[in-house]
Amino acid sequence: MSTPTAPTAATRSAAPAAHAAHAATVTAGRTAAPAATPMTTEAGVRRLLAAAGQAPSVLNTQPWRFDVVRHAFVELLADPDRRLRVSDPRGRSQHVSCGAALFNLRLAVRAAGFRPVVWLLPGGQDEPHLLAAVRAAEAPGGRPGGRELYDLIWRRRTNREPFSAEPVPPDVLAALRIAASREGANLVLLDRPGAEEVLDQAATADDELARDRDYQAELAAWTMPGPLRDGRGPSPYEPRRDGRGPSPYEPRRDGLPPSLYEPRHDGLPPYVRGPRPAGEPAPVRSFGRRGGRARFERHPQIAVLTTPGDRPVDWLRAGQALQRMLLVAALHGVSASFLNQPLDLRDMRGRRDPRHRRGHPQMIIRLGYGPYVARALRRPVRDLEISHV
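Each residue of the sequence shown is one higher than the one before, counting from 4 in the numbering used here.
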C-alpha cells in the first residue's frame, strides 16, 4: 500500500521552532517565483481543498478554513465561528477535526506527485487559529503516492446504522492499530468488559447532557434543518444578540418552521443519523430523534484512540491518526461511528483509557460491518478558502 509517511521531524517541531521555520520559508519565497505545484493553479488548489473538506468532523461542523499563501503554501486555520462553544470550550474536538482535514490534504499533495512538508502550529501563541502549513516539495522520482487511500476519501462515511454480528477479524484490527501508530497515536481495542464500561459511561453522559440546556441548544443548532446563520446558529436556534446569559444560542424568534429553510451543507441532516436505538446502553447517539426503533449489535466492538499528551499538537496528531485509520478501515470494508459523549464531560474524560489507564482519550470509535449509507453534504470549496479580494 502506498501511503504518506509518518510526520517528519518538521511536523513534530515545537511551536516556536515551527513558526520560525515557516516564517523564514515564506520570507524567502517572496522574491522567488513559485515552482509548478498543485498550489500554483486554481484547479490544483480546488483539488487539494476538495479532498481536505471531505474529512469527518464533530457534528459535521467542518470547522476549518484554508489560506493559499503566495501560491507556495496552504495554511489550515480553525474557524472560530464553527467551534462548539459549549461542548468544546478548549477547542479539542475542533483540532481533531482539523487534523483529519490535514491528513486528507497531505494525501492530496502526494496523489498529485509531490511530497507534503508540514509545519504544525506554525503561528505559535501569536496565531492560535493557524493550525498547520503545508508545502508541496518534489517527491523522489516524481511519482504519485498514496493513491489508494486518496481514492477512498470520497467513499468513507460515518455509519450510524446497526452493524452485523460478524466481528472485525484480528488482522484487520491490527492494520487499524498500525495506521493510528504511524501518526503518533494509539488505538486501544477494548475487550467485552471494557466495551461495556464505555457503553455505560456513554449512557451516563447522555443522561447528564440531556439536562444541560445549553448543550442541548447547541446540539439542536447543528442537527436541525435550516441554513447556518453567521456560521453558528441554524434554526431552531440562533446566536444570542443581547450578549446576556451563559448560552450562546437562543430560540429563533421568527417562528418559521425549519422545513421552510434552504438545505444546509453542514450539520447532521436526519438521513445520516441512523435509527433510534432500542434498548440501553446503545452504541450510538440518539440525537433526540423520534420514530421507529432498531436493535443494534449485542456486543459492539469499541476502540479508543489515545495520545501520549493532551495539548493542541496532540489533538492535531489524533485527527490525522483518526483519518488514516478510518481510510484503512474503509479499504477493508469496515464501517465506523463515534461515541464521544463521555469526552464531552470533563470529569469523565479525565478517567483516561478505560483499559490500561494510560494515554489521553481523544475519540471513542465503534467498528463493524454496516449497510451502505449516504454521506452528509460538504461545504462548497469556494467557501473553504479565505478570499483576499
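No residue lacks a Cβ here, since even glycine has one placed at the ideal position from N, Cα and C. A quick note: this is a predicted structure, and the numbers were derived from the prediction, not measured.
For residue i, which of the options has the nearest alpha-carbon?
i: VAL105; options: ARG385, ARG138, GLN323; result: Correcting the residue identity first, residue 105 is Leu in this sequence and not Val. Here the closest residue by C-alpha is GLN323.
i: GLN344; options: ARG382, ARG378, PRO284, ALA379; result: PRO284
i: ASP317; options: GLN326, PRO273, HIS363, VAL275; result: HIS363
i: ARG315; options: VAL77, GLY127, TYR153; result: First, the residue type needs correcting, since residue 315 is Pro and not Arg in the sequence shown. Here the closest residue by C-alpha is GLY127.
i: VAL121; options: ASP129, ALA136, TRP225; result: ALA136
i: TYR375; options: PHE166, ARG185, ARG138; result: PHE166
i: VAL72; options: GLY336, THR40, ARG85; result: THR40
i: GLY56; options: HIS74, ALA75, ALA38, ALA81; result: ALA81
i: GLU169; options: GLN365, THR207, LEU370; result: LEU370
i: ALA183; options: ARG327, LEU380, GLU388, ARG138; result: ARG327
i: ARG150; options: ARG118, GLU45, ASP70; result: ARG118
Could you have a look at residue i and say whether DSSP puts it in helix, strand or coil?
i: VAL72; result: strand
i: GLY282; result: coil
i: ASN189; result: strand
i: GLY197; result: helix
i: PRO383; result: coil
i: ARG85; result: helix
i: VAL120; result: strand
i: VAL61; result: helix
i: GLU300; result: coil
i: HIS391; result: coil
i: VAL376; result: coil
i: LEU202; result: helix
i: VAL77; result: strand
Tell me the residue span of the alpha helix (DSSP H) that contains residue i.
i: LEU308; result: Premise fails: LEU308 lies in the beta strand (DSSP E), 304-310, not in any alpha helix (DSSP H).
i: PRO315; result: 315-334
i: ALA54; result: 45-55
i: ASP347; result: 344-347
i: THR226; result: 216-226
i: ARG113; result: 95-114
Are residue i and residue j closer than 7 Å when you measure CB to CB?
i: SER340; j: THR161; result: yes
i: LEU155; j: ALA332; result: no
i: ARG296; j: ARG279; result: yes
i: GLY197; j: TRP225; result: no
i: ALA377; j: TYR218; result: no
i: LEU87; j: GLU199; result: no
i: ILE305; j: VAL201; result: yes
i: PHE76; j: LEU52; result: no
Which two residues bound the contiguous beta strand (DSSP E) that contains residue i?
i: LEU370; result: 363-371
i: SER340; result: 338-341
Using a beta-carbon distance below 7 Å, is residue i in contact with chain B?
i: LEU51; result: This model lacks chain B altogether; it includes just one protein chain.
Quiz item: Which runs of the alpha helix (DSSP H) spanning at least 4 residues fall entirely within the segment 125-181, listed in chain order?
Solution: 150-155
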